[in-house]
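Just so we're aligned: the sequence shown equals residues -23 to -1, 1 to 265 in mature numbering (1 follows the signal peptide of the UniProt record, and there is no 0). All C-beta atoms in this analysis are idealised placements derived from N, C-alpha and C, irrespective of residue type, glycine included. All figures in this text were calculated on a predicted structure; none of them were measured in a lab.
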Amino acid sequence: MKKTALAAVAVLALAAGPTIAFADDAPAPAAAASAPDASPITYNIGVVSDYRYRGISQSKMKPALQGGIDYANGPIYVGTWASTIQWVKDAMVGYNRAGEAAAAANETTFTPVSEKGAPVEWDLYGGTKGDIIKDTLSYDVGVLAYVYLGQKFHDIHLSNPDTGEVYGALTYGVFTAKVSVSATPLFGIPKSKGSQYYDLSANFDLGSGFSLTPDVAYQHVEGSYAKDNGLPSYSYGAYSATLGKDFGKGVSASLQVIATDAKKADYVTSNGRFTGRTTVVAGVKYSF
């Protein structure tokens, strides 16, 4: 789950072109070679102390390695991004532990499932963005797919965690409002197609390469797990504030405070740790 967002700071690359002065009486020089155009392809790699997506830990509160490739041509962009994760495997572990405990209590037998799970989240995305009012109001619309290679959620009677979303965003000055809607069940939750994520953020330039990004969001989960039969609701709010630092030459760092109002019973690891608890996440990234 890329982020969004839930957790990275934009890096501004500044470049100054050289100027050359010639004496008035010097012979006319040959035309200088023009600087090469910037590549439409960019790369990034980084590490975070905890991969939080929409406020929820995807890496079981452990560090994660991340990286991506982006291509932009005018208003059109496509890209891919990946991160190490642990939540898919942990779901299999939790299923086995619950099954074994129930079997022991009821003196029945239980056949455990394989605990091999997708160790990586792989995202694919594309869209278009541009100005509606130059330097004032801009848009961004696109599609995003989250892929978990090797997952076997059908073994534990859950939907395929692979998820597709469509999204749209408007940016006015420093403020951005974004809405994402799932076109499939959301991350393995049955009957959750059409779930929405509402996100409001701002990006303040503090000078000297520092930035501050507050973010308020709400994840609404559709389906029987959200509102039918008295089952628990997976919907929740997510809140964060990110202090970013651009060191130049593609190197950036971030320090993020994250909190949610998710229910602990809905978001726990196999050993009972709350994945939506308030935390501080540190990250470093290199873009080139």
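Beta-ladder partner(s) of residue i, from DSSP
i, result
"Q43", "G23 and S60"
"G184", "F187"
"F152", "Y149 and A179"
"Y28", "BP columns for Y28 are empty, so no partner."
"T140", "Y123"
"K262", "G23 and S229"
"Y174", "S157 and Q196"
"A218", "P191 and V234"
"T97", "What sits at residue 97 in the sequence shown is Val, not Thr. Answer is T61, bridged to V97."
Whole-angstrom C-beta distance between residue j and residue i, which should lie under 8 Å
i, j, result
"G150", "T113", "7 Å"
"A154", "G141", "With 8 Å as the limit, A154 and G141 do not qualify as a contact, their Cβ atoms being about 22 Å apart."
"M38", "D27", "5 Å"
"T246", "T237", "T246 to T237, Cβ: 15 Å. No contact."
"P138", "V65", "6 Å"
"A68", "D100", "A68 to D100, Cβ: 19 Å. No contact."
"S264", "G221", "That belief does not hold up - the Cβ atoms of S264 and G221 are roughly 13 Å apart, past 8 Å."
"Y175", "V158", "Going by Cβ atoms, the distance from Y175 to V158 rounds to 10 Å, so no, they are not a contact pair."
Residue j beta carbon less than 7 Å from that of residue i
i, j, result
"S178", "D192", "yes"
"P162", "S185", "no"
"G260", "V25", "yes"
"V118", "G145", "yes"
"I62", "E98", "yes"
"F29", "V258", "In the sequence under discussion, the amino acid at residue 29 is Arg, which differs from the Phe named in the question. Yes, they are a contact pair."
"I166", "G32", "no"
"Y116", "L147", "yes"
"S229", "E199", "no"
"G45", "K262", "no"
"A49", "P96", "no"
Where in the segment 106 to 130 do unbroken runs of the beta strand (DSSP E), each at least 3 residues long, occur, reported from the N-terminal end onward? Runs found: 114 to 124.
At 3 residues or longer, and completely inside the segment 221 to 255: list those beta strand (DSSP E) runs for me, N to C. Listed in chain order, they are 228 to 237.
Per the contact definition of three or more C-beta pairs closer than 8 Å, is the segment 216 to 224 in contact with the segment 240 to 248? Short answer: they don't touch.
If we count Cβ pairs, one from each stretch, closer than 8 Å, do we get three or more for the segment 126 to 135 versus the segment 100 to 112? At 8 Å Cβ cutoff, the stretches do not touch.
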